[in-house]
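In mature numbering (1 follows the signal peptide of the UniProt record, and there is no 0), the protein residues as written are -22 to -1, 1 to 190.
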């Protein structure tokens, strides 16, 4: 009887933990908490669980003013955010012990590659629907739109509504970005996180900065 009781406690606790971890809907659920009445920089600093590594990387690269909205790039940003998991994976892959070990130019390139050029706020419904490539020689599929990032790199970005319960396009609409240079297609886990200086679309935890 005691074993059964302990099992129930563990299950309940696990469910509670799972629910709490989806506060910002990073578990591939689509849209996120709406508006944060602060700059994007302050939003990142307030959520250290997800963005602490990005804050450190921006400081290392000297790019924090972009997220503050005080740089020449303006106050209307569209950012594909790299979470702590993504940046830590990169450190492990490269054998770096800390972000300070990463060359400054690499950090700058990663961050600038995550921001769409043109001082514009682009939310989920503003992106063009598309279909993933079925051609193994390219990651560029049908529809969508190619965007130039602040680094000069180009990403093909599109939305696609997932199937649900066996019904095509009955599930959540998601954003995908494909880099021809990296040969990678990546998924946005949480979108439309609005701040005073633009919108953040959080990339999935399996993203790596070199996927841009």
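Even for Gly, the Cβ is constructed at its ideal location relative to N, Cα and C.
With a beta-carbon spacing of about 14 Å, residue 133 and residue 59 fall beyond the 8 Å limit used to define contacts.
Distances from the CA of residue 43 to each of 57, 19 and 62 were compared; the closest alpha carbon is that of 19.
For the pair residue 135 and residue 123, the CB atoms are nearer than the 8 Å cut-off. Around the CB of residue 26, fewer than 16 other CB atoms lie within 10 Å, so the residue is classed as exposed.
Closest in C-alpha terms to residue 65, from the list 76, 56, 57 and 121, comes 76. In the three-state reduction of the DSSP assignment, residue 70 falls in the helix class.
Residue 154 and residue 79 have their C-alpha atoms roughly 30 Å apart. For the 8 Å CB-CB criterion, residue 177 and residue 101 form a contact.
In the displayed model, residue 115 falls within coil according to three-state DSSP, outside both helix and strand. Residue pairing from DSSP places residue 120 in a beta bridge opposite 109. The three-state secondary structure of residue 163, taken from DSSP, is strand. In terms of CA proximity to residue 164, 185 leads the group 147, 185, 172 and 146. The Cβ atoms of residue 35 and residue 89 sit closer than 8 Å to each other. The Cβ atoms of residue 105 and residue 126 do not sit closer than 8 Å to each other. Straight through space, the alpha carbons of residue 29 and residue 67 are spaced by roughly 14 Å.
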